[in-house]
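Working notes for the structure below.
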Amino acid sequence: MTHPYSVIIFFTMLTIFKKIDYCYKHIHRLFINLFFIFFPILFLSCLTAPSKIVSPNLYNESKTQEIFLSEKNNVNGTMPKELYINTLSQTFTSEYQFILRAGRICVKTSENPNWSLFLNTGLPFSTSKKISPKWFETPEYITEISCDDDSLMALDNYNRMYRIYLKKLPRERLLEWDITFGWPVQEQVILNDLVCDNRAWGISVRRSNILWYEDRYGNQHHYGTMGLATLYFLSNDGQKIYFTDSGMPVDFSNSILGPEKGSYIAENLATSGSTLFLIDKTGKMYTRLIDFDTMGCDPMFFKYTYKKENQPYTGKEYISNFTSWALPNEDWKKEPAIPLKGMARLTKFISIRQNGQGNFARSLRVAGISADGKTGFYCKNISDTEWSFKEAPLSISKKDLLPLALPKNKLTDKQKEKIQQYKGVSQEISYSGYIYDAYDNKIEDLNCYISDFTMTSEGQCSLHISNGSEIKTFLLYPIEMWTYNVRYNPGLDGTPKYYFITSNFDKSELVSNDKDFQKILENIFGEKNNVLFSFSAEVTNNYFYFTTKKDNNYSIFLSSNKDKNLELAKSKLKDYAFSPQLYKTFFTFYTYPLNKYKSNKLSLDPCKEYTGIDIPEIEQKIKNNKEYLTELNNHLKSIKKADYTTSLSRWGYNVTDLLMSVTLLNKLNFPKFKTMSTFGSELISTNASKYQVLAENLSATYPPVINLIKNRINYYQKLEEKLYTETHAKIDSSYKDDYISYFQLLNIPNKLRGYSVSAGKTCFLTQIKELPYANGFLLYFDENNIDNAVYVYMPSFLNDVSKFLHNTSKTNFKTNVKFYSLAKSNIIFSKQAGIRNINDKKGLLTWNGTNLQITVHTQLFKNELIFLY
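If you want it as C-alpha cells, here you go:
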C-alpha cells in the first residue's frame with residue numbers, strides 16, 4: 003500500500019507544477035530531476051549531485067588567445083554601419099547587432115543606431131552579491147561572441163562562457179548576464195581540449211519564433227513552451243561537431259558526424275534554429291537540422307517512431323508536441339553549388355538566420371565577390387535551388403578566400419586534382435566477433451562484423467552475420483542514451499557510450515537453409531523490424547557489445563582491429579574461450595588512461611647511469627607521474643561517485659514509478675507521464691547498472707596501475723636523492739616497471755599445475771603475461787577455459803615484495819590476496835572451488851621459492867586451502 007504522506011507529497015508537487023508558467027519541456031525535466039534525484043532525498047535527508055566523469059587536466063584554463071585575435075573575423079568591416087554576415091566577432095539577430103572591439107562587446111539597435119558598450123561595460127558582470135552562488139568575477143576581456151534569436155553567448159580569454167537573454171523568457175531575467183547552462187545541474191561552460199581549438203562554434207535557439215519542427219515524413223511538432231538552446235563546436239579537423247544544450251549536463255561528450263560519412267572537411271560552421279550550415283575549401287556546402295531532441299535521444303520527453311505515420315495536427319497546435327517524431331533524423335543536405343564566373347570568389351564566412359516558422363524558415367549567406375569584382379554575399383532561402391548576389395560593403399582579404407572555390411575556367415589541373423582528393427580520414431570503426439548464448443558461450447561457426455560504425459550520438463551502421471555460406475545484413479540505428487553524469491569523451495576515453503538501437507531489415511534476412519542459423523536469427527531479430535529501441539549497445543573504440551532488451555537469449559560481442567598492440571595481446575590469448583565481460587576488462591588495460599603508463603614522458607631508462615645533469619629530467623618525470631596519479635585517482639573517484647548517485651536515482655525512480663502506477667498516472671500522456679515512464683525505467687536502470695559494472699571494473703584495474711605509479715615515484719625520488727651526494731647513480735635494481743617482471747624476480751613460474759584441497763581436484767594458476775599491469779593470477783579448473791576463473795589479486799604486493807627483497811633473512815614471501823570471480827555467476831565458481839561467495843573473501847599467498855599456496859579465510863579462525871603447488 004502506498005504511504006499516504008507519499009501520495010500527498012506527490013500530488014502537492016503536481017499541483018505546483020500546474021501553477022507554474024514554465025517551459026513544458028523543462029517542467030518535465032524538472033519533474034525528472036525532482037523525482038529521480040530529490041524524491042528519495044525526502045526520506046534520506048541527503049543531497050547528491052550528479053558526478054563528473056572527467057579528469058582535472060582536461061580543461062584549458064590558460065590564456066590561449068590575444069585580445070584582437072577575433073577581429074580577423076571582421077568581414078563586415080571595422081565599426082560597420084550594418085552587419086551582413088555573422089562571425090565570431092560580429093554577430094546579429096533581428097533586433098540586435100553586436101561587435102567585439104578591443105575585447106569588449108559593443109551593441110546597436112534600430113532604436114540606438116550608434117555603437118556603444120553593451121550594458122555600459124562591454125563585459126559580462128554579475129548583479130548578484132558576492133556571497134551569492136550566482137556571483138561571478140568579471141572577465142578580463144571577451145575573445146568571441148555568438149547570438150541567435152533571444153540568446154547571446156560570450157567567450158573570455160580563459161575559455162569560459164557567459165550567456166544573456168535578449169528577450170524575456172519564463173523564469174529568466176532579461177538582459178542580465180549569467181554563467182550557468184545545462185541540466186540537471188547548471189554550471190558554467192568551460193571549453194576543454196576537445197573543443198578549445200575548434201574551427202568555429204555557435205549558439206542555436208529553437209523556440210517560439212520557429213514554433214515547430216517538421217520530421218522526415220512531413221509531420222509538424224510544436225516546440226512546447228520554452229524550446230532548446232544548443233551550443234555547437236566544429237572540431238579542429240573539421241569532420242565532427244560537438245554539442246551540448248540547455249537540457250544536458252555541461253560537457254562535450256555528444257557529437258554529430260560531418261557529411262559524407264565524416265570524410266568532409268568543413269572550413270567553417272554557422273548555426274541557427276538547430277540548423278547547421280557548413281562550407282569547405284572547395285565551396286561545397288551542406289545543411290542539416292539536428293539537435294538532441296530531433297535525433298531521438300530524448301525518449302523520456304518525446305515519442306519517437308521509425309515507422310511512417312501521418313499525424314493529424316499542425317505545428318501551430320500545441321498538442322502536436324505529443325505526437326510521435328519520425329526517426330532517423332534528417333540527413334545532411336548538399337546545397338546547390340554557387341555558380342562562379344569572371345572574378346567571382348567565395349570566402350569562408352557564412353551565415354544562417356532563422357526568418358520564420360518551421361524547418362525551412364532559414365536564410366543562407368556566403369560572403370564573397372561577384373563576377374564583376376564587387377564585394378557582397380551570395381544568398382538564398384534554405385529550400386531554394388538558386389543563389390543570388392547582393393552587393394554589400396564587406397572587408398574581404400586574400401586570406402579569407404577559399405583556395406579551391408574558383409570559376410571552372412580558372413582552375414589548374416593540380417587544383418582540380420586537389421578538389422577530387424579533398425577528403426579527411428575515415429571516421430568509421432570496424433569490429434568483428436561472435437554471437438554468445440545466455441551463458442556467454444560462443445556460438446561456433448557464426449561470425450559477425452560491422453565496418454561502418456561512427457562514435458557519435460546518432461547514425462547508422464550495418465551488422466553482417468555469416469554462417470560461412472550465407473551473409474545476413476541488418477541496418478542498425480544507434481541513438482545515444484541520455485545520462486545526467488558529466489563525461490569527457492565516452493567511447494574514446496576508456497569509458498563506454500551506451501546506445502538504444504533500432505534495426506531495419508528485409509524479411510528475407512531471417513530465412514536460411516541452415517535451420518539452426520535461422521532459429522538464432524529469428525530469436526534475435528524476429529518481430530523487431532523497425533520496433534523502437536528493441537536493442538541496446540555498449541560501445542568503445544575497442545568493442546561493440548550488442549544485446550536484446552527483453553528476451554536476452556543471445557548477445558553479440560565484437561572487437562575492433564585498430565590497435566596493433568591490442569591485437570597482438572589478443573592473438574596470444576586466442577586459445578582461451580573469453581566471455582564478453584572478460585574481454586571488456588581486458589581492454590581496460592590497453593585503453594586510455596591506463597595505456598599512458600608506458601609513455602616516454604613518464605618513464606626513465608632503468609639501465610642508464612645518471613648524473614647531476616639529469617636531475618631536471620628526473621624531477622620532470624616525477625612531476626608527470628604525480629599528475630598522472632592524480633588523474634587516475636580522480637577518474638576512479640568520479641566513476642565510484644557516479645555509481646552511487648545513479649543507484650540512488652534508480653531507487654528514487656522506482657518509488658516514482660510505483661506511485662504513477664498506483665495512481666494510474668502512467669496511463670496519461672498529458673503531461674507526458676506515459677512517455678516518461680515508457681523509457682524512463684530503462685534509462686535510469688541502464689545508467690545505474692552500467693556505472694556499477696564500470697566502477698567494479700575500474701576498481702579492479704586502476705589500483706594496480708596506481709600502485710605501480712607510486713612505486714615508480716618512490717624509486718625515482720630515491721635516485722634523485724642519490725645524485726645530490728654521488729656523482730653517478732642508477733635506479734635501484736629491485737625496481738621493475740610491471741608485475742610480471744616482479745614475478746620473474748621472485749622466480750614464480752608462469753603457469754602452475756596444482757591441487758585444490760577445498761575442491762578436491764586439480765587446478766591451475768597462471769600469470770597474465772598479456773596484462774603486465776595486473777597484480778595477480780588467474781585460478782581456474784578447466785585448463786582450456788578461463789571464463790569461470792577467479793582473479794587472485796594482491797593489493798599490497800609492491801610493499802610486501804619491497805620488504806622481502808631488502809630483508810635477506812626472510813625465506814618465505816607472503817602477501818594478502820583478494821578474489822574477484824570472472825564467472826557470469828558466483829555460483830558457478832562456488833560449485834567448482836567448494837567455497838561460497840568468493841568475492842567477499844580474503845586470503846594469503848605464500849611462496850618459498852619451491853612451493854606456492856593460497857588460503858582463503860572462510861570463517862573466523864578457519865582457512866581453506868584453495869591452491870597448493
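The opening position of the sequence shown corresponds to residue 3 in my numbering, with each subsequent residue numbered one higher. Just so it is clear, CB atoms sit at the ideal spot from N, CA and C, and this is done for glycine as well.
Inset, instruction - Return helix, strand or coil for LEU406, following the three-state DSSP convention. - result: Reading the sequence shown from its first residue, position 404 is the one you call residue 406. Here LEU406 sits in coil by DSSP.
Inset, instruction - With a 10 Å radius around its C-beta and 16 neighbouring C-beta atoms as the bar for buried, classify LYS83 as buried or exposed. - result: Translated into the one-based positions of the sequence shown, residue 83 becomes position 81. Flag for LYS83 reads exposed.
Legend entry - Contact check, THR232 vs ASP152, beta carbons under 9 Å: Along the sequence shown, one-based indexing puts residue 232 at 230. Along the sequence shown, one-based indexing puts residue 152 at 150. No, the pair does not count as a contact, with Cβ atoms beyond the cut-off.
Inset, instruction - Apply the 10 Å Cβ neighbour rule to ASN730 and answer buried if 16 or more other Cβ atoms are within range, or exposed otherwise. - result: The residue you call residue 730 lines up with position 728 of the sequence shown. According to the sequence shown, residue 730 is His rather than Asn. Flag for HIS730 reads exposed.
Legend entry - Alpha carbon of ILE39 to alpha carbon of THR485, nearest angstrom: Locating residue 39 in the sequence shown gives position 37, where the first residue counts as 1. Locating residue 485 in the sequence shown gives position 483, where the first residue counts as 1. With a pLDDT of only 41 at ILE39, under the threshold of 50, the placement of this residue in the model should not be trusted, and no figure is reported.
Legend entry - CA-to-CA distance, ALA702 to SER758, given in whole angstroms: One-based indexing of the sequence shown puts residue 758 at position 756. One-based indexing of the sequence shown puts residue 702 at position 700. Taking C-alpha positions only, SER758 is separated from ALA702 by approximately 24 Å.
Inset, instruction - Within its chain, find whatever has a CB closer than 7 Å to the CB of GLY461; leave out the 5 residues flanking it on each side and keep chain order. - result: One-based indexing of the sequence shown puts residue 461 at position 459. Counting only Cβ-Cβ distances below 7 Å, and skipping sequence neighbours, we find LEU259, PRO480.
Legend entry - For ARG175, the nearest candidate out of THR182, TYR167, ILE181 (CA to CA): Looking up residue 175 in the sequence shown gives position 173. Selected option, being the one with the closest Cα: TYR167.
Legend entry - Euclidean distance between Cα positions of CYS765 and GLU621: For this step, residue 765 is matched to residue 763 along the sequence shown. For this step, residue 621 is matched to residue 619 along the sequence shown. Each residue's alpha carbon lies about 47 Å from the other.
Legend entry - Close Cβ partners of LEU85 (< 7 Å) along its chain, the five nearest in sequence each way excluded: Here residue 85 refers to the residue found at position 83 of the sequence shown. When the five nearest sequence neighbours on each side are left out, the beta carbons in the same chain lying within less than 7 Å of the beta carbon of LEU85 are those of ASN78, GLN92, PHE94, GLN99, in order along the chain.
Inset, instruction - Report the three-state DSSP secondary structure of ALA328 (helix, strand or coil). - result: Sequence index remark: in the sequence shown, residue 328 carries index 326 (1-based). In this structure, ALA328 counts as strand in the three-state DSSP scheme.
Inset, instruction - Pair every Cβ in the stretch 718 to 725 with every Cβ in the stretch 615 to 634, then say whether three or more of these pairs are closer than 8 Å. - result: Verdict: yes, contact present.
Legend entry - Entirely enclosed alpha helix (DSSP H) segments - the stretch 382 to 434, minimum 4 residues: Considered as a whole, the stretch 382 to 434 harbours 415 to 423 as its complete alpha helix (DSSP H) runs of no fewer than 4 residues, in chain order.
Inset, instruction - With hydrogens ignored, establish whether the beta-carbon of LYS712 is closer than 8 Å to any heavy atom of the ligand ZN. - result: The model on display carries no ligand, and the ligand ZN is accordingly not part of it.
Inset, instruction - Please determine if the stretch 240 to 256 and the stretch 222 to 232 are in contact, where contact requires at least 3 C-beta pairs separated by less than 8 Å. - result: The stretch 240 to 256 vs the stretch 222 to 232: in contact.
Inset, instruction - Look at the alpha carbon of ASP645 and the alpha carbon of ASP415, and state the distance between them as a whole number of angstroms. - result: Here residue 645 is taken as the residue at index 643 of the sequence shown, counted from 1. Here residue 415 is taken as the residue at index 413 of the sequence shown, counted from 1. Straight-line spacing of the CA atoms in ASP645 and ASP415 works out to 59 Å.
Inset, instruction - Starting from GLY845, follow its DSSP beta bridges and name the residues at the other end. - result: The sequence position of residue 845 within the sequence shown is 843, counting from 1. Answer by DSSP bridge pairing, in chain order: VAL819, VAL858.
Inset, instruction - Pull up the distance between the alpha-carbon of ARG367 and that of ASP374, whole angstroms please. - result: The residue given as residue 367 occupies position 365 in the sequence shown. The residue given as residue 374 occupies position 372 in the sequence shown. When the Cα atoms are used, ARG367 and ASP374 turn out to be separated by approximately 19 Å.
Legend entry - Reduced DSSP secondary structure (H/G/I, E/B, other) of LEU448: As a working note, residue 448 is residue 446 in the sequence shown. It is coil, neither helix nor strand.
Inset, instruction - Return helix, strand or coil for LEU767, following the three-state DSSP convention. - result: Locating residue 767 in the sequence shown gives position 765, where the first residue counts as 1. Strand.
Inset, instruction - Determine the direct distance from the alpha carbon of ALA202 to that of ARG162, and round the result to whole angstroms. - result: Mapped onto the sequence shown, residue 162 falls at position 160. Mapped onto the sequence shown, residue 202 falls at position 200. The alpha-carbon atoms of ARG162 and ALA202 are separated by roughly 16 Å.
Inset, instruction - Please determine if the stretch 772 to 792 and the stretch 588 to 601 are in contact, where contact requires at least 3 C-beta pairs separated by less than 8 Å. - result: Segments in contact, yes.
Legend entry - Given 8 Å, three or more beta-carbon pairs between the stretch 527 to 541 and the stretch 498 to 514: Yes: at least three Cβ pairs fall under 8 Å.
Inset, instruction - Quick one: grab the DSSP three-state call for LYS720. - result: Residue mapping note: residue 720 aligns to position 718 of the sequence shown, counting from 1. DSSP places LYS720 in helix when its eight states are reduced to three.
Inset, instruction - Could you check the C-alpha separation between PHE623 and TYR630 for me, to the nearest Å? - result: Residue mapping note: residue 623 aligns to position 621 of the sequence shown, counting from 1. Residue mapping note: residue 630 aligns to position 628 of the sequence shown, counting from 1. In the sequence on display, residue 623 carries Lys and not Phe. Their Cα atoms are separated by approximately 10 Å.
Inset, instruction - Take SER459 and list the residues in its own chain whose beta-carbon comes closer than 7 Å to its own, dropping the five residues that flank it on each side. - result: Walking along the sequence shown from the start, residue 459 turns up at place 457. If you ignore the 5 residues before and after SER459, its C-beta comes within less than 7 Å of the C-beta of ASN256, SER257, ILE258, MET297, CYS299, GLU482, all in its own chain and listed in chain order.
Inset, instruction - Output the residue ranges of the beta strand (DSSP E) runs that lie fully inside the stretch 139 to 190 and measure 3 residues or longer, sorted by chain position. - result: Within the stretch 139 to 190, the complete beta strand (DSSP E) runs of at least 3 residues are 144 to 150, 153 to 158, 163 to 167.
Inset, instruction - Could you give the DSSP three-state label for ASP439: helix, strand or coil? - result: Along the sequence shown, one-based indexing puts residue 439 at 437. For ASP439, the secondary structure class from DSSP, reduced to helix, strand or coil, is strand.
Legend entry - Boundaries (first-last residue) of the beta strand (DSSP E) holding PHE245: Position 243 of the sequence shown, counted from the start, is the residue given in the question as residue 245. Start and end: 242 to 247.
Inset, instruction - Check each candidate in GLU311, LEU213, PRO405 and name the one with the smallest Cα separation from ASN361. - result: Here residue 361 refers to the residue found at position 359 when the sequence shown is read from its first residue. With distances taken between Cα atoms, ASN361 lies closest to LEU213.
Inset, instruction - Identify every residue that forms a DSSP beta bridge with ASN787. - result: Translated into positions along the sequence shown, residue 787 becomes position 785. Partner(s): ASP784.
Inset, instruction - My understanding is that TYR436 touches LYS444, with C-beta atoms under 8 Å, so please give their C-beta distance in whole angstroms. - result: Stepping through the sequence shown from its first residue, residue 436 is reached at position 434. Stepping through the sequence shown from its first residue, residue 444 is reached at position 442. Contact between TYR436 and LYS444 holds: CB atoms are separated by about 5 Å, below the 8 Å threshold.
Legend entry - Segment contact flag, the stretch 379 to 396 with the stretch 300 to 313, C-beta cutoff 8 Å, min 3 pairs: No, the stretch 379 to 396 is not in contact with the stretch 300 to 313.
Legend entry - For PHE470, three-class secondary structure by DSSP: Position 468 of the sequence shown holds residue 470. The amino acid at residue 470 is misidentified as Phe; the sequence shows Gly. Reduced to three states, the DSSP call for GLY470 is coil.
Legend entry - the stretch 171 to 186 contacting the stretch 126 to 136, beta-carbon criterion three pairs below 8 Å: Yes: at least three Cβ pairs fall under 8 Å.
Inset, instruction - Alpha carbon to alpha carbon, how far is GLY275 from VAL207? Give it in angstroms, no decimals. - result: Residue numbering aside, residue 207 sits at position 205 when the sequence shown is read from its first letter. Residue numbering aside, residue 275 sits at position 273 when the sequence shown is read from its first letter. Near 5 Å, if we compare the C-alpha coordinates of GLY275 and VAL207.
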